[in-house]
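Engineer: Below is the structure I would like to discuss, written out as structure tokens.
Number of protein chains: 2
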Amino acid sequence: MSQRNDVTRALAEWIVDCRSNDIPEEIRTEAVRTFVNWLGCAIGGATHETVDCALAAVAPFSGSPESSVLGRSERLDPLHAALLNGISSHVLDYDDTHLKTIIHPAGPVASALLAIAETRPVSGAAFLDALIIGVETECRIGNAVYPDHYDRGWHITGTAGVFGAAAATSRLLGLDAQATTWALGIAATQSSGFREMFGTMCKSFHPGRAAQNGAFAAFLAQAGFDSSERAIEAPRGFANVMSDKQDYGEILDGLGTHWEAALNSYKPFACGIVIHPTIDGCIQLRNELGDDVGRIAKVELTAHPLVLELTGKTEPRTGLEGKFSVFHAAASALLRGDGSPTAFTDEAVNDRALIDMRRTIHVTTDPACNEASVTIAVTLEDGRRIEKHIDRAIGSRERPLSDAQIEAKFRDQAAAVIGEQACEALIRAAWQIAAMDDVGALARACAPGASRQ
Amino acid sequence: MSQRNDVTRALAEWIVDCRSNDIPEEIRTEAVRTFVNWLGCAIGGATHETVDCALAAVAPFSGSPESSVLGRSERLDPLHAALLNGISSHVLDYDDTHLKTIIHPAGPVASALLAIAETRPVSGAAFLDALIIGVETECRIGNAVYPDHYDRGWHITGTAGVFGAAAATSRLLGLDAQATTWALGIAATQSSGFREMFGTMCKSFHPGRAAQNGAFAAFLAQAGFDSSERAIEAPRGFANVMSDKQDYGEILDGLGTHWEAALNSYKPFACGIVIHPTIDGCIQLRNELGDDVGRIAKVELTAHPLVLELTGKTEPRTGLEGKFSVFHAAASALLRGDGSPTAFTDEAVNDRALIDMRRTIHVTTDPACNEASVTIAVTLEDGRRIEKHIDRAIGSRERPLSDAQIEAKFRDQAAAVIGEQACEALIRAAWQIAAMDDVGALARACAPGASRQ
Numbered sequence: 006m007s008q009r010n011d012v013t014r015a016l017a018e019w020i021v022d023c024r025s026n027d028i029p030e031e032i033r034t035e036a037v038r039t040f041v042n043w044l045g046c047a048i049g050g051a052t053h054e055t056v057d058c059a060l061a062a063v064a065p066f067s068g069s070p071e072s073s074v075l076g077r078s079e080r081l082d083p084l085h086a087a088l089l090n091g092i093s094s095h096v097l098d099y100d101d102t103h104l105k106t107i108i109h110p111a112g113p114v115a116s117a118l119l120a121i122a123e124t125r126p127v128s129g130a131a132f133l134d135a136l137i138i139g140v141e142t143e144c145r146i147g148n149a150v151y152p153d154h155y156d157r158g159w160h161i162t163g164t165a166g167v168f169g170a171a172a173a174t175s176r177l178l179g180l181d182a183q184a185t186t187w188a189l190g191i192a193a194t195q196s197s198g199f200r201e202m203f204g205t206m207c208k209s210f211h212p213g214r215a216a217q218n219g220a221f222a223a224f225l226a227q228a229g230f231d232s233s234e235r236a237i238e239a240p241r242g243f244a245n246v247m248s249d250k251q252d253y254g255e256i257l258d259g260l261g262t263h264w265e266a267a268l269n270s271y272k273p274f275a276c277g278i279v280i281h282p283t284i285d286g287c288i289q290l291r292n293e294l295g296d297d298v299g300r301i302a303k304v305e306l307t308a309h310p311l312v313l314e315l316t317g318k319t320e321p322r323t324g325l326e327g328k329f330s331v332f333h334a335a336a337s338a339l340l341r342g343d344g345s346p347t348a349f350t351d352e353a354v355n356d357r358a359l360i361d362m363r364r365t366i367h368v369t370t371d372p373a374c375n376e377a378s379v380t381i382a383v384t385l386e387d388g389r390r391i392e393k394h395i396d397r398a399i400g401s402r403e404r405p406l407s408d409a410q411i412e413a414k415f416r417d418q419a420a421a422v423i424g425e426q427a428c429e430a431l432i433r434a435a436w437q438i439a440a441m442d443d444v445g446a447l448a449r450a451c452a453p454g455a456s457r458q
Numbered sequence: 006m007s008q009r010n011d012v013t014r015a016l017a018e019w020i021v022d023c024r025s026n027d028i029p030e031e032i033r034t035e036a037v038r039t040f041v042n043w044l045g046c047a048i049g050g051a052t053h054e055t056v057d058c059a060l061a062a063v064a065p066f067s068g069s070p071e072s073s074v075l076g077r078s079e080r081l082d083p084l085h086a087a088l089l090n091g092i093s094s095h096v097l098d099y100d101d102t103h104l105k106t107i108i109h110p111a112g113p114v115a116s117a118l119l120a121i122a123e124t125r126p127v128s129g130a131a132f133l134d135a136l137i138i139g140v141e142t143e144c145r146i147g148n149a150v151y152p153d154h155y156d157r158g159w160h161i162t163g164t165a166g167v168f169g170a171a172a173a174t175s176r177l178l179g180l181d182a183q184a185t186t187w188a189l190g191i192a193a194t195q196s197s198g199f200r201e202m203f204g205t206m207c208k209s210f211h212p213g214r215a216a217q218n219g220a221f222a223a224f225l226a227q228a229g230f231d232s233s234e235r236a237i238e239a240p241r242g243f244a245n246v247m248s249d250k251q252d253y254g255e256i257l258d259g260l261g262t263h264w265e266a267a268l269n270s271y272k273p274f275a276c277g278i279v280i281h282p283t284i285d286g287c288i289q290l291r292n293e294l295g296d297d298v299g300r301i302a303k304v305e306l307t308a309h310p311l312v313l314e315l316t317g318k319t320e321p322r323t324g325l326e327g328k329f330s331v332f333h334a335a336a337s338a339l340l341r342g343d344g345s346p347t348a349f350t351d352e353a354v355n356d357r358a359l360i361d362m363r364r365t366i367h368v369t370t371d372p373a374c375n376e377a378s379v380t381i382a383v384t385l386e387d388g389r390r391i392e393k394h395i396d397r398a399i400g401s402r403e404r405p406l407s408d409a410q411i412e413a414k415f416r417d418q419a420a421a422v423i424g425e426q427a428c429e430a431l432i433r434a435a436w437q438i439a440a441m442d443d444v445g446a447l448a449r450a451c452a453p454g455a456s457r458q
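Below is the structure:
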């Protein structure tokens, strides 16, 4: 399998040939949950400073304003809108996660599709097909190179996401297998984004740029712009240049029968998955401790080494840096019971009481500890010791968010941005996307106060 | 040196602080040659199918048409114009080369600068400062990771070029050291482009995208969009993720006293540098053989293994593939005396006589042979054997093109595209760029028939 030389072509053929009727109903249902969760996150992030800066930069260069910047009144050409919506949907680190690869699948794919859906009539059924195919593509390509690719320093949501956006856009545009092969190649040669950028505005730039660049790849291919036809598997292609692992079976085996798109999960907390068990456990401890929270002398976490590798910042200075501090996240969960976006603001990470609390927190790493688990031991001033083990956090595949929880999360983020009335109307419409004739209407309903128009 | 953790910051400070007066006159003179050579190539490539396809794809998304697509009547927003001009300047593989890294320096940098210079008044002096600083930046970053980075499969003109465009644009916009550091970081996290794409339209996409993405990085940084401040040297930054070699002394040592920008060279033939000695030698042999060219039975080349690694296509099917066939290039040089863009058309690679000739050509590789040298042995039907050794090809640093040769190359490419009168006026103006008040006028003079307006 590792020697086959038609991986890109075979994947392209599946992207073209996959029949809507062959996608199982449960995959379609999960795709709606993926879409609703993503839309709420995009609106929730829309007022972030990162989006303000990006908008200021792109405004002078935008083409005709056909597509919405979700949660804002500004409009941009579809490729720039894809960039902005990809940024806003990820900027709070509150979006979805394919746990096998830590890819955040919706950002690159849905951001491209919805922006394009405002420029032409796209049915909900066609939209969901393209979303599923795009998510499947990026997650499978991620599986083929994970973990080596990620360990080397690549932000896989950007590097694999660009393939997802290209695949989904190719499908939406109705490209044939030849053009889709080129689109995957043009996407490959734009694959980029370093984990070094975590904690800065560039982290959310990655899914935004993946959406924009992947969509652009499909438009270029549509215009006859060609590329290598072996961009994924060639000796100097994506998998070999950007990873020491290449398992092409992960890309091609069981296409259309086994679905990675079914494995998406939705974050209950606005930060990296790796500290969700800690936040979950600390919130439970807070509820159990009551007033004793004020008498905590010491907190000891025992976790997998990845927790410190990814989120070991002891003194975060900004809200974005706070997302990479297990110390801050635990302190916020214990002291405020908060793991939502308000836990990761500049104010929060510089709050005196939270700073004092985070300095009581110590982490011991243990490679034998599961990455998805944590043990938390709290010692009070009077010497009492309470221990809590979290095997799998809320939001994991074992304890997934319910539809109602996804909806509450949407409301929590979007109501303040677009108004309660518009938010409620949008929630109702978004769950019904499968039956829509014109998905672009959903994007237009994301403007502040849209329901009054 | 390899341990220093302020490489990106120190480079940014130099980009900001480098004084125009401290740039030696000979560097400025070389920059004018770099600019004139690039401008001719951009016009020469403007009618290529690759540019047609890219234009068709970007047109629906372009912002206000402030900047010229050189050699054409279309106008685009400056970022899209940078993309298109970067493509056209490289599509014929006829542009400039920094021989130590095989970077083609002007494409990413000049394409960004000239497109922006149409949106605001930019003097020739400021333009040349920014061009020199951009070229210096990309070549030094290239030196820091070459050859490992290139050997791994990265197309270094794209991956390093994006830094050059970001540096040059930052300088042109007058960004401070903080914003310039961010611009380099935003550029780093977009660094991309595989050598796998050689022989396809994506090869010239790389310098185009580097120009566009690097310029965009500077505009984002200007708007306050931040990034890692150690994007080049961090453990998960550019040099470590994309190369096994990191020599930061190549970036910082002698900045402002030793100039990589002085080492640019200009191609006499429209293909990769590595087969220039072969073409040079074959043209000389053709001139010496006269009618005996028709009696060639066998041609034996002895060359460095890189020649076959980079240009080993035995049966090219398209003009672009022909640029990666030492067999076709040698055949064209022997049979037609042609190494110019007309040697690398679809017609040429499918010409019966050229196909017959290229099948007489055999290559022996010898690691002891210098990469810049070749030995050619021609055996005629009557058994006579003529040998020619090329130590350094025309166009190399040892045998550089004269100003008159650069001008003739410009005329050769541009006269047919924009008309002889416009071409002559443009040549005169381009050599005088250092004294111009508004460089944008040069771009507007590149439209077909511009001199009649």
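Chains as they are written, first to last, in the numbering used here: chain A, 6 to 458; chain B, 6 to 458. Heads up, the beta-carbon is just placed ideally off N, CA and C, and yes, glycines get one too. Here the structure is a predicted model, which is why all the values come from computation and not from measurement.
(1) Are the CB atoms of I20 of chain A and I92 of chain A within a distance shorter than 8 Å?
(2) For R235 of chain A, I'd like the list of residues in its chain whose CB is within less than 7 Å of its CB, leaving aside the five on either flank, ordered along the chain.
(3) For a cutoff of 8 Å on Cβ pairs, would you count A15 of chain A as touching chain B?
(4) Are H95 of chain B and G112 of chain B closer than 8 Å when you measure CB to CB?
(5) State yes or no: is the C-beta of I108 of chain B within less than 8 Å of the C-beta of G45 of chain B?
(6) Nearest to P128 of chain B by alpha carbon, out of B:M441, B:W43, B:V279?
(7) Check each residue of the segment 227 to 251 of chain A: if its Cβ is closer than 8 Å to any Cβ of chain B, include it; give the result in chain order.
(8) Please classify N26 of chain A: does DSSP put it in a helix, a strand, or coil?
(9) Is the segment 138 to 156 of chain A in contact with the segment 248 to 263 of chain A, if contact means three or more CB pairs nearer than 8 Å?
(10) Taking 8 Å as the CB-CB cut-off, is Q458 of chain B touching chain A?
(11) List, from N- to C-terminal side, the alpha helix (DSSP H) runs of 4 residues or more that fit wholly inside the segment 212 to 279 of chain A.
(12) If contact means a Cβ-Cβ distance below 9 Å, which residues of the segment 180 to 204 of chain B contact chain A?
(13) What first and last residue would you give for the beta strand (DSSP E) that runs through V383 of chain A?
(14) Compile a chain-ordered list of the residues in the segment 163 to 182 of chain B whose CB is closer than 7 Å to at least one CB of chain A.
(15) Exposed or buried, which one is A409 of chain A when buried takes at least 16 other CB atoms within 10 Å?
(16) Is it true that the segment 399 to 413 of chain B meets the segment 359 to 368 of chain B, where meeting means three or more beta-carbon pairs spaced less than 8 Å apart?
(17) Classify G342 of chain A as helix, strand or coil using the three-state DSSP reduction.
(18) Between the alpha carbons of P240 of chain A and K272 of chain B, how many angstroms are there, rounded?
(19) Run down chain A in chain order and give the residues with a C-beta less than 7 Å from the C-beta of G50 of chain B.
(20) Would you mind giving the Cβ-Cβ distance between C374 of chain A and H281 of chain A, rounded to the nearest angstrom? I have them listed as a contact below 8 Å.
(21) In this structure, does DSSP put S196 of chain B in helix, strand or coil?
(22) Indicate whether A36 of chain A and A266 of chain A have their beta-carbon atoms separated by less than 8 Å.
(23) Cβ atoms of T350 of chain A and F329 of chain A: under 8 Å apart, would you say?
(24) When DSSP labels each residue in this structure, what does T283 of chain B get in the three-state scheme?
(25) Given that a residue counts as buried once 16 or more other Cβ atoms are within 10 Å of its Cβ, and exposed if not, what is A446 of chain A?
(26) Decide if Q195 of chain B is buried, meaning its Cβ has at least 16 other Cβ atoms within 10 Å, or exposed.
(27) Report yes if the C-beta distance between A244 of chain A and A222 of chain A is below 8 Å; otherwise report no.
(28) In the DSSP assignment, the alpha helix (DSSP H) including L136 of chain B goes from what residue to what residue?
(29) In the DSSP assignment, what residue or residues form a beta bridge with V298 of chain A?
(30) Using a cut-off of 9 Å between C-beta atoms, extract the partners of A66 of chain A located in chain B.
(31) Just reading off the alpha helix (DSSP H) that K414 of chain B is part of, what are its end residues?
(32) I'd like the list of long-range same chain contacts for T384 of chain B, defined as Cβ closer than 6 Å, with 5 residues on each side in sequence excluded.
(33) Run through DSSP, which three-state label would M6 of chain A get?
(34) In three-state DSSP terms, what is E403 of chain B?
(35) Comparing the C-beta of M441 of chain B with each C-beta of chain A, is any distance below 8 Å?
(36) Find the nearest neighbour of E71 of chain A within the set A:A64, A:L81, A:P65, judged by alpha-carbon distance.
Structural biologist: A quick look at the data gives this:
(1) I92 of chain A is not a Cβ neighbour of I20 of chain A, given a cutoff of 8 Å.
(2) Here the set comprises N10, T13, G242.
(3) Answer no: the Cβ-Cβ gap between A15 of chain A and chain B never drops below 8 Å.
(4) In this structure, G112 of chain B lies closer than 8 Å to H95 of chain B by Cβ.
(5) No, they are not a contact pair.
(6) Note that residue 128 of chain B corresponds to Ser in the displayed sequence, not to Pro. When only C-alpha atoms are compared, the closest one is B:M441.
(7) Correct list: Q227, A228, G229, F230, D231, S232, S233, R235, A236, A239, P240, R241, G242, F243, N245, V246.
(8) N26 of chain A sits in a helix when the DSSP states are folded into three classes.
(9) Because the criterion of three Cβ pairs below 8 Å is met, the segment 138 to 156 of chain A and the segment 248 to 263 of chain A touch.
(10) Note that Q458 of chain B scores 45 on pLDDT, short of 50, meaning its location in the model is unreliable and no value can be drawn from it.
(11) Counting only runs of 4 or more residues that sit fully inside the segment 212 to 279 of chain A, the alpha helix (DSSP H) segments are 243 to 247, 254 to 257, in chain order.
(12) The residues in question are W187, G190, I191, A193, T194, Q195, S196, S197, G198, F199, R200, E201, M202, F203, G204.
(13) V383 of chain A -> beta strand (DSSP E) spans 379 to 385.
(14) Taking 7 Å as the Cβ-Cβ cut-off, the segment 163 to 182 of chain B has no residue approaching chain A.
(15) Around the beta-carbon of A409 of chain A, fewer than 16 other beta-carbon atoms lie within 10 Å, marking it exposed.
(16) Touching, no.
(17) Assigned with DSSP and collapsed to three states, G342 of chain A falls in coil, not helix or strand.
(18) So the two alpha carbons sit approximately 28 Å from each other.
(19) Correct list: empty, because the minimum Cβ distance to chain A is about 15 Å.
(20) Going by Cβ atoms, the distance from C374 of chain A to H281 of chain A rounds to 14 Å, so no, they are not a contact pair.
(21) Look at S196 of chain B here: in three-state DSSP terms it is coil, with no helix or strand label.
(22) The answer is yes: Cβ separation under 8 Å.
(23) Remark: C-beta atoms of F329 of chain A and T350 of chain A do not approach each other more closely than 8 Å.
(24) Three-state result, T283 of chain B: helix.
(25) By the 10 Å Cβ count, A446 of chain A comes out exposed.
(26) Under the 10 Å beta carbon count, Q195 of chain B is surrounded by 16 or more other beta carbons and is classified as buried.
(27) For the 8 Å CB-CB criterion, A244 of chain A and A222 of chain A do not form a contact.
(28) Start and end: 129 to 150.
(29) Note: V298 of chain A sits in no beta bridge, so no partner.
(30) Looking at the sequence itself, residue 66 of chain A is Phe, so the reference to Ala does not match. Contact of F66 of chain A with chain B by beta-carbon distance below 9 Å involves S67, G68, S69, D82, P83, L84, H85, F221, F224.
(31) Here the alpha helix (DSSP H) through K414 of chain B covers 408 to 423.
(32) A302, K303, R390, listed in sequence order.
(33) Legend: pLDDT at M6 of chain A = 43, less than 50; position of this residue unreliable, value from coordinates given subsequently. Note: M6 of chain A maps to coil in three-state DSSP.
(34) Of the three classes helix, strand and coil, the one that applies to E403 of chain B here is coil, per DSSP.
(35) Not one chain A Cβ lies under 8 Å of M441 of chain B.
(36) Across the set A:A64, A:L81, A:P65, the C-alpha of A:L81 shows the shortest separation from the C-alpha of E71 of chain A.
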